[in-house]
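Trainee:
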Amino acid sequence: MKHTLQQVFRSGKFVVGFCILTAVLLIVIVYPLIVPTPPLRTISQGTFVPPGIYVNVFDSIDSATHYTLDLDDVAARRIAGRLDEEDRVSMKEWLVASGIEESAIDTSDTRKFLDQWVNNYDPGKNIPGMTNAKRNLYARLDALLDGILSTEGVIIAAHDPDTGVLEKKGNIEQSDFVNIGQLPNVRILPLGTDNFGRDVLAELVKATAVSLEIGLVAGIIATLIGLTLGLLAGYVGGFMDDGIMFFTNLFTVIPTFVLLILISFSIGQEQRGAFTIAVVIGLTSWVWTTRAVRSQVLSLRNRDHVNLAKLSGHSTGHIVLRDILPYIASYVVMALILQISSGILSEAGLSILGLGPKTSEVPTLGLMMNWALYYNAHVNGQWWAYVPVILVIALISFSMNLMNTGLDHVFNPTVRD
Amino acid sequence: MKGYRKYFLNKLAWFFVTLVCAFILNFILPRLMPGDPVAAIVSRLAQGMSDATGVQAIYQQYADLFGTNRPIYEQFFIYVKNVVRSDFGFSFSQYPRTVADVIASSIWWTVFLQLPAILVGWLIGNFLGALAAYRRKGFDKVLLPVSIFASSLPAFGMAVLLLVVFALTLGWFPTSGGYGFDMIPALSWGFIWSVIVHYQLPFWSIVLITIGGQAIGMRSMAIYELNADYVKYSRFMGIKDRKILRYVFRNAMLPQVTGLALAIGTMVSGALVAEIIFNYPGLGSTILKAVLGQDYPLISAATLIITLMVLVTTFAIEILYGFIDPRVKAAQSEG
Amino acid sequence: MRSKCLAIFIFLALTAILTTACGPAKDEVTQSTGEDPKVLPRKETLYFNGQQFGPVVGWNPYSTSNNNAMAIVLQDNSRVTMFETPYLYNMLDGKVYPLLAEGDYSWNDDRTILTFKIKEAAHWSDGTPVTAEDVAYTWAAHVRYNTPAGAANKDYIDTIEAADDRKVVIKAKRDREGKPVNPLIVASYVSTYYVIQKSWTERLEERAGGDTAKFLADTAEDAVYSGPYHRFFADDSKVILVRDDDYWGRDDSMWGRLPVPKYLAHTIFRDNAASAVAFKKGEVDVSQAFNPNIELLWLNDRLPISTYLPEPPYNIGTKMPTAFYNLNSYGLDQVAVRKAIAIAVDYPTVIANAVTNQSPTFDEVPRSLMNPTSTEQALYDHDAVKHLQWEGNDIDGARKLLDTVGIVDSDGDGWREFKGRKLSYTASCPSGWSDWQSAIEVVAAAGGKIGIEITTNYPEWSVYQTIVTKSDSPLPEGYDIFMMYTTGAGPAQPYTRIRNLLSSEWVGMAGNWNGNWGQYSNMEADTLLREIPGETDPGRLKEMYTELVKIYLTDVPSFTLMYRPEAFHAVNETIWTNFPHQNDGTDPPVPPLDCTDGWGIACLYNLTLVNP
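Chains as they are written, first to last, in the working numbering: chain A, 1 to 417; chain B, 418 to 752; chain C, 753 to 1364.
(1) Okay, do the region 809-827 of chain C and the region 892-909 of chain C touch, 3+ Cβ pairs below 8 Å being the bar?
(2) Quick check: the region 834-841 of chain C against the region 1350-1361 of chain C, are at least 3 beta-carbon pairs closer than 8 Å?
(3) I believe Gln673 (chain B) touches Asn486 (chain B) by the beta-carbon criterion, under 8 Å. Please report the beta-carbon distance rounded to the nearest angstrom.
(4) If you run the structure through DSSP and keep just helix, strand and coil, what is Asn1024 (chain C)?
(5) Terminal residues of the continuous alpha helix (DSSP H) containing Phe196 (chain A)?
(6) Suppose you measure from the CA of Val434 (chain B) to the CA of Thr944 (chain C); what does that come to, to the nearest Å?
(7) Taking only three categories from DSSP, how would you classify Ile623 (chain B)?
(8) Spell out the partners DSSP gives Pro932 (chain C) in its beta bridges.
(9) Output the distance between the C-alpha atoms of Leu436 (chain B) and Leu725 (chain B), rounded to the nearest integer angstrom.
(10) Where does His801 (chain B) sit, in a helix, a strand or coil, going by DSSP?
(11) Are at least three pairs of beta-carbons, each pair with one atom in the region 439-459 of chain B and one in the region 689-696 of chain B, less than 8 Å apart?
(12) Pull up the distance between the alpha-carbon of Ser605 (chain B) and that of Glu1035 (chain C), whole angstroms please.
(13) If you follow the beta strand (DSSP E) that Thr37 (chain A) is part of, which residue opens it and which one closes it?
(14) Between the region 708-719 of chain B and the region 499-513 of chain B, do at least 3 Cβ pairs fall closer than 8 Å?
(15) Step through the CB atoms of chain C and report whether any lies within less than 9 Å of the CB of Ser98 (chain A).
(16) Between Tyr799 (chain C) and chain B, is the shortest Cβ-Cβ distance under 9 Å, so that the two count as touching?
(17) Whole angstroms are fine: how far does the CA of Leu229 (chain A) sit from the CA of Ile244 (chain A)?
(18) Return the CA-CA distance between Glu1205 (chain C) and Tyr1177 (chain C), expressed in angstroms with no decimal places.
(19) Quick one, which of A:Ile337, A:His318, A:Ile61 and A:Ile254 has its alpha-carbon nearest Asn171 (chain A)'s?
(20) Taking beta-carbon pairs under 7 Å, can you tell me which members of the region 1323-1344 of chain C lie near chain A?
(21) When you compare only the Cα positions, how much space is there between Tyr941 (chain C) and Pro932 (chain C)?
(22) What's the C-alpha gap between Asp997 (chain C) and Ala892 (chain C)?
(23) Counting only Cβ pairs nearer than 9 Å, list the residues of chain B close to Gly238 (chain A).
(24) Are the beta-carbon atoms of Ile535 (chain B) and Ile623 (chain B) separated by less than 9 Å?
(25) Counting only Cβ pairs nearer than 7 Å, list the residues of chain A close to Thr435 (chain B).
(26) For Ala777 (chain C), does the three-state DSSP call read helix, strand or coil?
(27) What number of angstroms, rounded off, separates the C-alpha of Glu780 (chain C) from the C-alpha of Thr1221 (chain C)?
(28) Roughly how far, in whole angstroms, is the beta-carbon of Gly806 (chain C) from the beta-carbon of Ile1020 (chain C), given that I think they are within contact range, below 8 Å?
(29) Can you name the residues of chain E whose CB is closer than 7 Å to the CB of Leu446 (chain B)?
(30) Quick one: using the 10 Å Cβ neighbour count with 16 as the cut-off for buried, is Lys1032 (chain C) buried or exposed?
(31) Heavy atom of the ligand COA less than 8 Å from the Cβ of Ser11 (chain A), yes or no?
(32) May I ask you to report which of helix, strand or coil DSSP gives Arg779 (chain B)?
(33) Report back the beta-carbon spacing between Gly219 (chain A) and Thr1101 (chain C) to the nearest angstrom; my notes put them in contact at under 8 Å.
(34) With distance defined between alpha-carbon atoms, name the residue in A:Leu137, A:Glu85, A:Gln116 and A:Gly17 nearest to Glu1063 (chain C).
(35) Counting only beta-carbon atoms, is Gly1352 (chain C) nearer than 9 Å to chain A?
(36) Whose Cβ in chain A lies nearer than 8 Å to the Cβ of Trp1365 (chain C)?
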C-alpha cells in the first residue's frame, strides 16, 4: 500500500493533476474565508459590470484627499477618451454630407474641428440616406462634446438639510488627483458581475465547490452501483450475470441524456436541489463502470489465488472482499475519478438546458453558463461571465484526467514510458 | 460452426428480449412524467371560455383523440398496433403535425451531422493515438496532454468558444443555421455549398472532442499490444515492422470498434449542445422541446428510434466480433 | 500502411461531407411557380426574429394555436400581414384608422348599434370583393364553432349583419334596461378580429363536417386572404411570406402603393441567444426579441442598430408584468403583508438588472393602473393618488408597517410570524423567461430584508399556465406570489386591463385566461367596472379611474414589477432604413410594432434601402 502510494506520487502526470485539483480545492475553501461576500448577493445595479478596480466616486470628491499634479497631456487624454478617431471620422462624414468642403476639415486640429462642428451641426437637418442609428450617434456625440475644451473645474453642491437650497460645498479642478490607497471604498472585481449583478468571482468559487460536491456524490453513487453490479455479474456469473448484463443493456439502449432530462423534468423545479440532481446523475451513469468492473472480474475469476481460496472453502463474500476487490481497487479508483469528472460535466449540461438545480439556492458552473447565454453575454462581448466558467470546468476535468492517466501508468506498467 | 451457431442464437435471443423490454419502457417512461399535457393544450385552446362545461367538452374531445383517458395498458396496445402500421400518432406540442412528420424533418440533419463527425473523429483520433503509441518520444509527449485537455473541455464550452472566436470575432464562418439564412432548400450548388459552410463549426466542435477521447483510448490499447509477447518475438525473428503493425492495430482496434458502435447507436440523441449553440436543425433539440412540452408520442418515437439504432449496432458488433475475434469463437465451442 | 490509412480517411471524410450536402435537400420545397428564387434577394427581403419559436403548424385564421406569428396574431394591435381587420389601432395616438373599412365607424345614440362600410376597392386574393356578408359570416362561424374569438365576445355582441353589400351592422347585447352590456368591447372588435371570406369558410366547414376540433385544427393551406402577404415557404428552419402584387391596398383609397419588401422572412431560432447573434450580424432587420443591454451594440460595437427611443427606456412601455398575490395563502389576506412586500422590492434593480433599463422607472412613471403612454396617463388624477404611490426599496417603511399591525418576529428565528405561524412564501414565474426570473429573484431578496421568508420556484410554462389559469378552486401550494402579464395598448384600454386585474367575475372560471388569478374580490371595484363602459363623460370617467387606482394601491392585490413595451422593436439598418423612430415626422405617427401590427404596418410602406 505504502509502496503503491510512493509510486503514484512519483508519476509526473498524477502529481501535476493532483496539484491542480488541490489548488482548486484550496481556493474553494480559503477564498470564502478571506472575502466574505455572500456569493448570491446582488451587488451591482446593472448587469455585467466589467472586471476592474472600482473606486467610490463620492469618496474621491472629499477634498481632504486631493493632490494637484501637473502632468502632460491630461487634457489631450480626456478629449481622446470622449472622442476617439472613429468618432472624428464619423463627424467628418456628417460635415462633408452637409456640404462642407472635405479639404477644409482637419480632424487632427481639435479646436478648429470642434469649432466647425459646433457651427454647422444641426440635428434637424435631413441628410438623405442617413440611418436612424447614425442620427442618434451624432446627437450623442454632440452632447458629449459640450464643454470638452474647457479648462475650468466643476463645482460640487449639495442640498442644505434645513432649507433645501443648493449650496456650494467645494470644487474640483481638472488637475486634481486622488491616491487610491487612501480611499476608504475601493473594490476590486476581478471578474466583474453577472446578469444578476452578483460578483462573478465569488459566485464562481462557490459554484465550483457545489459542482465538485455534485460530481463527488454522483461519482460515488455511480461507482458503488457499478462496482456492486460488476462484482456480482463477474464473479457469480450464470443467470445473475445474464440478468445484470440484460439490465445494463437496457440502460445503454435508453439514451442516458433523455433519461436524465425526463427525470429532471419530472422531479420538478421545487425538489431539484443540488443533492437531488447529483443522485439522479449517479443513478443514470453507472453503466460503463459496471461493464468495466465485470470484464476485470471475469479475467480475475480464473486466477490461481482465487481458485485456491475457493478450494479452501472460503465463502463467496470473503473471496470477493479479500481476493478480488484489492486487485481491482486501482481500477475502481480510476473509474471513480472518471465518474466524478463526468458527473460535473453532466450537471453542467443539464443546467445549460435549464433543468439543473434551483437558481436561487446555490450557483453551479452550469447555471452560471446558462444565465450568461440567456443574457447574451457571448453576443455582447461580456467574456467574464462565461469564459472563466468554461476554463474552470476544463481545468477540473483536465486535472482529473491527468490524475487518471498517471494512475494508469502506475497500475499498468506496460504503458509506462 | 455448431458452437458458433449457439453464440449467434444466444445473442439473438437477448436482442429480442431487450428490444421488447426497451419498447415497453419507451412507452411507459414519458407517461410517468407528472402533469397532464392534454390540459396544457386545452387551456391554450379554451382561452376566454367562461363556462366550465365548454372547457370540459374540449378536454374530453382531445383526451379521446389522444387516447389519454384510457387505462394505460389499453393505450399500450393501441400504441403497438399503430407502430406496426408506422403510425406514430399526433405530436401534442405541435398538434396537428404528426410525429412522423416532425421527426422526418429533423432526423436527417442529425444523422448527417453526427455520423461523419463521429467517423472522422474516430478515424483521426485512433490514427493519432496509434501513431503516438508507435512513435513514443516527442510526438507522444505532446499528443497525450493535448488530447487529455481537448477531451476535458465540455462540449458546450468548445461550441461556445468556436462560435465566439471563429464566427463572431473573426467572421470566418456563419453563426447559425443549417444553411444560409436567405436560402431555400433546393438541389443547387449554391445551396450545397451553403450547407457545407454552415456545417463546419458544429462538425468540428464534435470532432475535436472526439479526437481527444479516441486518441487516448487507442494509445493505451496500442501500447498494450505493442508490448505483447508476440510482437517482441516477431521482432526478434526479423519480421518487418510493417507486417507486425497490421496485426497489432487489428487487435488494438477491437475495443475501439465497440466504442464506435455505441457512439453511432446513440448519435441520434447526441448533438443537442451543438444544435442549441449553433442553432443547427436536428433531433436533439426536438426531443428537448418534446420533454418540456410533455409530448409523449414524440418522446416515445424518438427514444424508440435511438433504442433500435443502439440495439442494431450493438448486435451487429457482437456478431462481427464473433467473426473477427477467434477467441470468442473458441470460447463458445469449448463452452 | 500509413499512407493507405490516410488515403482511406480522407476519402471517407470527403464522402461524409458530400453526403451531408445531399441529405437535407430532401426537405420540402413548395411548388415552384415559375421564377421562384432559391436565394432570397437581400434587398427585397425583410428579416425578422423574436416572433416565432418552433415550426409553423397551420394557417387557419379561426384558430389561435397555429404557432404562426408572421401571419396570424389576434390582439389589440392585430398582425395584418396576411389577414386583415376592418380598422387598425394606433397606440401612439389612441385612434383607429380604417383598413378594410371606409371612413370611421359610427354609433347610434345609445351605443347599441355600430355601423361601418367596407371599402369598395377591397378584394380577396381570388379576385372577389370583400363584402359585408364576409364580416357577418365570420362572426357567425366564430359563434357556431365556439372559437376563442367567439367565446371572448359572444357576451357582448349580439349579431353582426350585412345591411347591404358593403354596410356592416353590429348589434350589441343589451342588459335588462336596454343598455349595451359593454360598448367598449364591441368597438374594439372591429380593430382586433380578422374578416375571413365566407366562401372559403364554407369550404372549411364542409371539410370539418361540423366538428369544432376539426374546424380549428385544419391547417388551412388553401386559406383565402385579403392582406398584402401570403405563404411562400415554411419548414423547420424558416417561414417566408411573399407579397401579392395584386394586393387591393395599392389603391389610392388606402396606401396608394405596395409595401416595399417583396419577402418577409423569419428564421426559426432555438432561443434568444442564437437570434441575437443573427441580429448583430445583420442577418435580421427587425428584432422582436428581448435583447439584453442592446445599447452596447451601438455604443460599443458601433453597429447601425437602433430602437424607437435613443435613450432608456428605448421603447414605449405599454404592458405591465405584474406580481400577483394568492389571496388564499396564509397571511396574504392581510393588507399589511401585501403592501410591505410590495414597497420593499428594489424596483430600480429590477429595471436595471432584469430588463437592462428597457423600461421606464417608477419615478419617471409612478405606479398606477395605467400604462406609460400619454393617452392613458391623462386618464387619472395624479395628485389625488400621490400619497399612495411608492418607489420601492422602502425597507424601513415596510418594517414599520408590519410592526404596527403586530406582525413581528416573536421567536427570534429571524422571520416574522402572523398569529403564531411563520410567514413563508414561494415566488414563481415560468422557467426560461429570464427577465421575469431575474425580477422574481429581486422580490425574494426583498422578503429577506424585511423578515418574511420568500423562496423562488420556476415551473415549466406548460405546467405553470395550467395551474394558474384554473380559477375555480384555490391555487395549490407553491403559488403564493406569481407573475403574469397584463394587456397592453388598445381601444378598450385601460378598462380591459383594470377589469382583468381587479374584477371578481373571473373567480370561479375553469379556464381563466383573463386575469385576477390571485382571486381578489372587491365590490366597489366591480361596480365601477360595470359602469365604465357605459360612461361617456370624460370628467366622470377620470373620477372613476382615479377611484380604481386608489383601490388598487390601497389593497395591493398585485403589484407592477416593471413596464414592458407592446412589442420589443429594434432594427438593424444595414440594408433597410426609415423605420419608425421618435420624431420621425410621420402623420399619423407610426408605432414601433415590428412593422406588422395595427397601424405599425404603415412602416412597410415607408421603408427605403440604405444602398439602393
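Ideal Cβ placement from N, Cα and C applies to all residues, glycine included.
Mentor: Considering the structure as presented:
(1) yes
(2) yes
(3) Here residue 673 (chain B) is taken as the residue at index 256 of the second sequence, counted from 1. Here residue 486 (chain B) is taken as the residue at index 69 of the second sequence, counted from 1. Not confirmed; about 50 Å, so no contact.
(4) Along the third sequence, read from residue 1 onward, the residue named residue 1024 (chain C) stands at position 272. It is helical.
(5) In the first sequence, the residue the question calls residue 196 (chain A) occupies position 196. Looking at the DSSP string, Phe196 (chain A) is not in any alpha helix (DSSP H), and its letter there is neither H nor E.
(6) One-based indexing of the second sequence puts residue 434 (chain B) at position 17. One-based indexing of the third sequence puts residue 944 (chain C) at position 192. Going from the Cα of Val434 (chain B) to the Cα of Thr944 (chain C) covers about 58 Å.
(7) Numbered from 1 along the second sequence, position 206 holds the residue referred to as residue 623 (chain B). In this structure, Ile623 (chain B) counts as helix in the three-state DSSP scheme.
(8) In the third sequence, residue 932 (chain C) corresponds to position 180, counting from 1. Answer is C:Arg926, bridged to Pro932 (chain C).
(9) Taking the second sequence and counting its residues from 1, one reaches residue 436 (chain B) at position 19. Taking the second sequence and counting its residues from 1, one reaches residue 725 (chain B) at position 308. Rounded to whole angstroms, Leu436 (chain B) to Leu725 (chain B) spans 8 Å at the Cα level.
(10) There is simply no residue 801 (chain B) to check, as chain B begins at 418 and stops at 752 in what is shown.
(11) no
(12) The count along the second sequence starts at 1 and reaches residue 605 (chain B) at position 188. The count along the third sequence starts at 1 and reaches residue 1035 (chain C) at position 283. Ser605 (chain B) and Glu1035 (chain C): Cα-Cα distance of roughly 22 Å.
(13) Locating residue 37 (chain A) in the first sequence gives position 37, where the first residue counts as 1. Thr37 (chain A) -> no beta strand (DSSP E), and no H or E assigned at all.
(14) yes
(15) What you label residue 98 (chain A) is simply residue 98 of the first sequence in a count that begins at 1. Not an interface residue.
(16) Along the third sequence, read from residue 1 onward, the residue named residue 799 (chain C) stands at position 47. Chain B, which has a Cβ nearer than 9 Å to the Cβ of Tyr799 (chain C), makes this yes.
(17) Indexing the first sequence from 1 puts residue 244 (chain A) at position 244. Indexing the first sequence from 1 puts residue 229 (chain A) at position 229. One C-alpha to the other measures close to 7 Å.
(18) By one-based count along the third sequence, residue 1205 (chain C) stands at place 453. By one-based count along the third sequence, residue 1177 (chain C) stands at place 425. Cα to Cα, Glu1205 (chain C) sits roughly 6 Å from Tyr1177 (chain C).
(19) Residue 171 (chain A) sits at position 171 when you count from the first residue of the first sequence. The shortest C-alpha separation from Asn171 (chain A) is found at A:Ile61.
(20) Glu1325, Thr1329, Phe1331 and His1333
(21) Taking the first residue of the third sequence as position 1, residue 941 (chain C) is located at position 189. Taking the first residue of the third sequence as position 1, residue 932 (chain C) is located at position 180. Distance between the alpha carbons of Tyr941 (chain C) and Pro932 (chain C): 15 Å.
(22) Position 245 of the third sequence holds residue 997 (chain C). Position 140 of the third sequence holds residue 892 (chain C). One C-alpha to the other measures close to 31 Å.
(23) As a working note, residue 238 (chain A) is residue 238 in the first sequence. In chain order: nothing, as chain B lies at least about 12 Å away.
(24) One-based indexing of the second sequence puts residue 535 (chain B) at position 118. One-based indexing of the second sequence puts residue 623 (chain B) at position 206. Taking 9 Å as the Cβ cut-off, Ile535 (chain B) and Ile623 (chain B) qualify as a contacting pair.
(25) Residue mapping note: residue 435 (chain B) aligns to position 18 of the second sequence, counting from 1. Here the neighbours are Phe246, Asn249, Leu250 and Val253.
(26) Locating residue 777 (chain C) in the third sequence gives position 25, counting from the first residue. Because the pLDDT of Ala777 (chain C) is 37, which lies under 50, any placement of that residue in the model is unreliable, and the question is left without a value.
(27) On the third sequence, position 28 is the one that residue 780 (chain C) refers to. On the third sequence, position 469 is the one that residue 1221 (chain C) refers to. Because Glu780 (chain C) carries a pLDDT of 37, less than 50, the predicted location of this residue cannot be relied on, and the following value inherits that uncertainty. Using only the alpha carbons, I get a separation of about 38 Å.
(28) Along the third sequence, one-based indexing puts residue 806 (chain C) at 54. Along the third sequence, one-based indexing puts residue 1020 (chain C) at 268. Right, their Cβ atoms sit about 7 Å apart.
(29) Of the chains in the structure shown, none is chain E; the protein chains are A, B and C.
(30) Within the third sequence, residue 1032 (chain C) is the residue found at index 280, counting from 1. The residue is buried, with at least 16 neighbouring Cβ atoms inside 10 Å.
(31) In the structure on display, the ligand COA does not appear, and there are no ligands present to speak of.
(32) Only positions 418 to 752 of chain B appear in this structure, which leaves residue 779 (chain B) out of reach.
(33) By one-based count along the first sequence, residue 219 (chain A) stands at place 219. By one-based count along the third sequence, residue 1101 (chain C) stands at place 349. So it is not a contact: roughly 38 Å between Cβ atoms.
(34) As a first step, residue 1063 (chain C) is located in the third sequence; it is residue number 311 there, counting from the start. The candidate whose alpha carbon is nearest that of Glu1063 (chain C) is A:Leu137.
(35) In the third sequence, the residue the question calls residue 1352 (chain C) occupies position 600. Judged by the 9 Å Cβ criterion, Gly1352 (chain C) is not in contact with chain A.
(36) The shown model of chain C, from 753 to 1364, leaves out residue 1365 (chain C), and the question about it has no answer.
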